[in-house]
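Going by the UniProt record's numbering, the letters in the sequence shown line up with residues 1 to 221, in that order.
Every residue, glycine too, gets a C-beta built ideally from N, C-alpha and C.
The structure presented is a predicted model; accordingly, all values stated were derived computationally and were not measured.
Worksheet: one structure, shown below.
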Amino acid sequence: MPGNKPNHKPVSKPARQLLFSEALQHKRLTPTKINPQTSPPLNEFTTMPDKDQSTTMDRILQEITTVSRRIEGMDASITSLTLETKSMRSDIAGFQSRVTGLEQRMGSLETQINTSQVREQDFIYLRSKLKDMEDRSRRDNIRILGIPENEEGSDMQTFLTSTLPKMIPLDFDPPLEFQRAHRIGPKRSDNSSRPRPIIACLLRHNQTRQILQVARNHSPF
């Protein structure tokens with residue numbers, strides 16, 4: 001016969017199952033060989049987790065310390081901000097007090113200004129009245145020039161009552177009466193070439209107009 005072929009008998013299914021079970025049991029019972037050159041010592045397996053755990057704890061502690069320092073810095077910043085806020089509140093309270101004082105002073109000044117304005121109006125009115133009274137009092141004044149000093153004696157009104165009718169061609173009825181009469185200016189000597197003028201205020205306005213009219217008619221100018 002050409003070529004001897006191995007004679008394999010077919011294995012039944014129950015036999016295959018038995019062989020597989022025996023092989024599996026043999027594998028479980030066979031001890032694993034450890035190469036001392038390639039495998040780490042046993043104590044390294046027991047110490048490595050402790051080193052990793054210590055390193056992790058150190059990192060956690062460092063992070064906690066860093067966070068704690070940051071929190072302390074934040075606390076210091078918050079404390080500083082709190083102090084600045086209190087200072088600003090104090091400054092604002094001071095400003096408010098000053099503003100209140102200024103408002104009160106402004107109110108007082110406004111009252112004074114209003115009072116001053118009222119007084120100014122009163123002053124203007126009184127000055128106007130005074131001017132009117134002065135004008136009214138002066139409208140009956142006449143000025144007499146050329147009468148020598150001391151010729152009137154001690155009574156100027158009596159002197160003018162008797163002298164003016166002689167100087168002015170008018171018949172005064174009733175007779176002239178004066179409210180006041182006097183010289184103006186510093187006193188001069190009796191022989192002065194320029195005697196002081198006399199200012200006389202007549203009692204009756206119509207007599208004043210008559211005298212002034214005659215004086216205008218006889219004026220050389």
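Using the C-alpha atoms, what's the distance from SER192 back to LEU160? Counted from its first residue, the sequence shown places residue 160 at position 160. Counted from its first residue, the sequence shown places residue 192 at position 192. So the alpha carbons of these two residues sit roughly 21 Å apart.
Tell me, which residues are paired with PHE178 by DSSP? Here residue 178 refers to the residue found at position 178 of the sequence shown. Beta-bridge pairing links PHE178 to LEU202.
Residue span of the alpha helix (DSSP H) that contains LYS166, given as start and end: Translated into positions along the sequence shown, residue 166 becomes position 166. Unbroken alpha helix (DSSP H) run through LYS166: 156 to 167.
Quick check on the burial criterion: 16 or more other C-beta atoms within 10 angstroms. Buried or exposed for ASP171? Your numbering for residue 171 matches position 171 in the sequence shown. By the 10 Å Cβ count, ASP171 comes out exposed.
Are the CB atoms of GLU195 and PRO148 nearer to each other than 8 Å? Your numbering for residue 195 matches position 195 in the sequence shown. Your numbering for residue 148 matches position 148 in the sequence shown. Strictly speaking, residue 195 in this sequence is Pro, with Glu absent from that position. For PRO195 and PRO148, yes; Cβs fall inside 8 Å.
Given 8 Å as the limit, is there contact between the region 129 to 147 and the region 199 to 210, that is, 3 or more CB pairs closer than that? Verdict: yes, contact present.
Cβ-based burial, LEU164 [other Cβ within 10 Å; buried from 16]: Along the sequence shown, one-based indexing puts residue 164 at 164. Counting C-beta atoms within 10 angstroms of its own C-beta, LEU164 has 16 or more neighbours from the protein chains shown and is therefore classed as buried.
Opposite ARG143 in the DSSP bridges: which residues? As a first step, residue 143 must be located in the sequence shown, where it is residue number 143. Per DSSP, ILE199.
Under a Cβ-count criterion, where at least 16 other Cβ atoms within 10 Å of its own Cβ denotes burial, should ILE211 be classed as buried or exposed? Position 211 of the sequence shown, counted from the start, is the residue given in the question as residue 211. Residue environment: ILE211 is assigned as buried (16 or more neighbouring CB atoms within 10 Å of its CB, all protein chains considered).
Using DSSP with H/G/I as helix, E/B as strand and the rest coil, what is THR30? Within the sequence shown, residue 30 is the residue found at index 30, counting from 1. In this prediction, THR30 scores a pLDDT of 47, lower than 50, which makes its location untrustworthy; no coordinate-derived value is stated.
Judging by CA-CA distance, which residue of PRO169, ASP173, PRO175 is the nearest neighbour of ASN217? Here residue 217 refers to the residue found at position 217 when the sequence shown is read from its first residue. For ASN217, the nearest C-alpha among the options comes from PRO169.
Round the Cβ separation of HIS205 and ARG105 to the nearest angstrom and send it over; I've been treating them as touching at under 8 Å. Here residue 205 refers to the residue found at position 205 of the sequence shown. Here residue 105 refers to the residue found at position 105 of the sequence shown. Actually they are not in contact, since the Cβ atoms of HIS205 and ARG105 sit about 55 Å apart, beyond 8 Å.
In chain order, what residues of the same chain have a beta carbon less than 7 Å from the beta carbon of ARG98, not counting five sequence neighbours either side? On the sequence shown, position 98 is the one that residue 98 refers to. None.
What number of angstroms, rounded off, separates the C-alpha of PRO186 from the C-alpha of ASN150? Here residue 186 is taken as the residue at index 186 of the sequence shown, counted from 1. Here residue 150 is taken as the residue at index 150 of the sequence shown, counted from 1. Distance from the CA atom of PRO186 to the CA atom of ASN150, rounded to whole angstroms, is 13 Å.
Please report the straight-line C-alpha distance between GLN157 and PHE178, rounded to a whole angstrom. Working through the sequence shown from its first residue, we reach residue 157 at position 157. Working through the sequence shown from its first residue, we reach residue 178 at position 178. The straight-line gap from Cα to Cα measures roughly 6 Å.
Can you tell me the Cα-Cα spacing of ILE71 and ILE78, whole angstroms? Position 71 of the sequence shown, counting from 1, holds the residue named residue 71. Position 78 of the sequence shown, counting from 1, holds the residue named residue 78. When rounded, the distance between both Cα atoms is 10 Å.
ARG127 - DSSP class collapsed to helix/strand/coil: Taking the first residue of the sequence shown as position 1, residue 127 is located at position 127. The three-state secondary structure of ARG127, taken from DSSP, is helix.
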